[in-house]
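In terms of the UniProt record's numbering, the sequence shown opens at residue 1 and continues consecutively.
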Amino acid sequence: MANRRALHFVFKVGNRFETACFYRDVLGMKILRHEEFEDGCKAACNGPYDGKWSKTMVGYGPEGDHFVTELTYNYGIGSYQLGNDFLGITVASSQAVSNARKLKWPLSEMGNGVFETKAPGGYKFYLQDCSPPQSDPVLKVTLAVSDLQKSLNYWSNLLGMKIYEKDEKEQRALLGYADNQCKLELQAIPGKVDHATGFGRIAFSCPQKELSDLEDLMKRENQKILTPLVSLDTPGKATVQVIILADPDGHEICFVGDEAFRELSKVDPEGNKLLDDAIAGDKSDEWFAAQKKPKATG
Numbered sequence: 001m002a003n004r005r006a007l008h009f010v011f012k013v014g015n016r017f018e019t020a021c022f023y024r025d026v027l028g029m030k031i032l033r034h035e036e037f038e039d040g041c042k043a044a045c046n047g048p049y050d051g052k053w054s055k056t057m058v059g060y061g062p063e064g065d066h067f068v069t070e071l072t073y074n075y076g077i078g079s080y081q082l083g084n085d086f087l088g089i090t091v092a093s094s095q096a097v098s099n100a101r102k103l104k105w106p107l108s109e110m111g112n113g114v115f116e117t118k119a120p121g122g123y124k125f126y127l128q129d130c131s132p133p134q135s136d137p138v139l140k141v142t143l144a145v146s147d148l149q150k151s152l153n154y155w156s157n158l159l160g161m162k163i164y165e166k167d168e169k170e171q172r173a174l175l176g177y178a179d180n181q182c183k184l185e186l187q188a189i190p191g192k193v194d195h196a197t198g199f200g201r202i203a204f205s206c207p208q209k210e211l212s213d214l215e216d217l218m219k220r221e222n223q224k225i226l227t228p229l230v231s232l233d234t235p236g237k238a239t240v241q242v243i244i245l246a247d248p249d250g251h252e253i254c255f256v257g258d259e260a261f262r263e264l265s266k267v268d269p270e271g272n273k274l275l276d277d278a279i280a281g282d283k284s285d286e287w288f289a290a291q292k293k294p295k296a297t298g
């Protein structure tokens, strides 16, 4: 599985302006590319919505060698209900801690130089007050699971992830595809995993030829396939093939063909301007205010 890469995690955004401020000014990430769409995605990248939406990729460097976040915004939806499924992203960045303090962004000290903060919408981030131990400051994504052993069987035995750490007492495990990539942490919780409406999706890439084999494996193992292998078009850019899976707790997992994705994911020098222009041109808040209606909750 050496050719597989951790790519990004998808968040739903209710307020693009506040969210952009958090990622740019607090975390210190860059806008890598921004795209606007008139209709919903065939692979439900923006959730179960059919209307106009946008996608913004933000990170500390190009998607070819950095784990990034994909911010999806549905026009007309102002907020989403968070469940207990997403437990946080850990980032090693003294600069982010310093930025948060300067901007008076709320920080909660957790001990050992780790601070908890929240992006607009409530998604948790854990900031380590230190220099990153690798080229990418994004260290891990933590997801809740209801049965650690069952989840390890899925992520390790079926998806081929290496188990880096396993703590039976704390009921947690750390997995990944490579030493220098962002890791996936699974943390067992009591009861069921609830995705509510703010659920995200984690994405990985693999050689395109492996996608159909992966689909066949999931069929043989009677595992859930949310979106069978499909081609996604982005006007003026590469067409990528993806398959969307779900683990035993319903966490959505996207696998995308690496060759086309590398072409699609090139940094757009206009990304920052495109996002700012889209925010400035979005009059949906004004329209809802004029109609004396609140934006919908997703």
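Note that the Cβ used here is the ideal one computed from N, Cα and C, for glycine as well.
Could you tell me the distance, in whole angstroms, from the CA atom of F37 to the CA atom of D179?
One Cα belongs to F37, the other to D179, and the distance between them is close to 36 Å.
Got a sec, what are the start and stop residues for the beta strand (DSSP E) S79 sits in?
I77 to S79 is the extent of the beta strand (DSSP E) around S79.
Is it buried or exposed for P294, if we count other Cβ within 10 angstroms and need 16 for buried?
Counting C-beta atoms within 10 angstroms of its own C-beta, P294 has fewer than 16 neighbours from the protein chains shown and is therefore classed as exposed.
Considering only DSSP beta bridges, list what L175 is partnered with.
Per the DSSP secondary-structure output, L175 pairs in a beta bridge with I163 and L184.
Should R16 be labelled buried (16 or more other beta-carbon atoms within 10 Å of its own) or exposed?
Buried, since its Cβ has 16 or more Cβ neighbours within 10 Å.
Considering Cα atoms alone, identify which of F22, N46 and I163 is closest to K12.
Across the set F22, N46 and I163, the C-alpha of N46 shows the shortest separation from the C-alpha of K12.
I want to know whether the region 191-198 touches the region 81-99 - three or more CB-CB distances under 8 Å.
Yes, the region 191-198 touches the region 81-99.
Would you report the Cα separation of D233 and E215, rounded to the nearest angstrom?
Rounded to the nearest angstrom, the two C-alpha atoms are 20 Å apart.
Quick check on S108: buried or exposed, where buried means 16 or more other Cβ atoms within 10 Å of its Cβ?
With fewer than 16 Cβ atoms within 10 Å of its Cβ, S108 is classed as exposed.
Touch check for the region 22-39 and the region 267-278: three-plus C-beta pairs under 8 Å?
Yes, the region 22-39 is in contact with the region 267-278.
Looking at L245: is its Cβ nearer than 9 Å to the Cβ of L226?
Contact annotation: L245 and L226 have beta-carbon atoms nearer than 9 Å.
Might you give, ordered along the chain, the residues of its own chain that have their beta carbon closer than 7 Å to the beta carbon of G88, omitting 5 neighbours on each side?
Here G88 has K124, F125, Y126 and T142 as same chain residues with Cβ atoms under 7 Å from its own Cβ, once five neighbours each way along the sequence are excluded.
Short Cβ contact (9 Å threshold) for G160 with R5
Contact flag unset, no.
Span of the beta strand (DSSP E) holding F204?
R201 to C206 is the span of the beta strand (DSSP E), which, as asked, contains F204.
Closer than 6 Å by C-beta to V114: which residues in its own chain qualify, once you throw out the five before and the five after it? Chain order, please.
Cβ neighbours of V114 beyond the five flanking positions: Y126 and Q128.
Within 10 angstroms of its Cβ, does S131 collect 16 or more other Cβ (buried), or is it exposed?
By the neighbour-count rule (16 or more Cβ atoms within 10 Å), S131 is not buried but exposed.
Can you find at least 3 beta carbon pairs, one from the region 22-32 and one from the region 44-64, that sit closer than 8 Å?
Three or more beta-carbon pairs drawn from the region 22-32 and the region 44-64 are found closer than 8 Å, and the two stretches are therefore classed as touching.
Alpha-carbon spacing of T19 relative to D167, whole angstroms
If I take the Cα positions, the gap works out to 34 Å.
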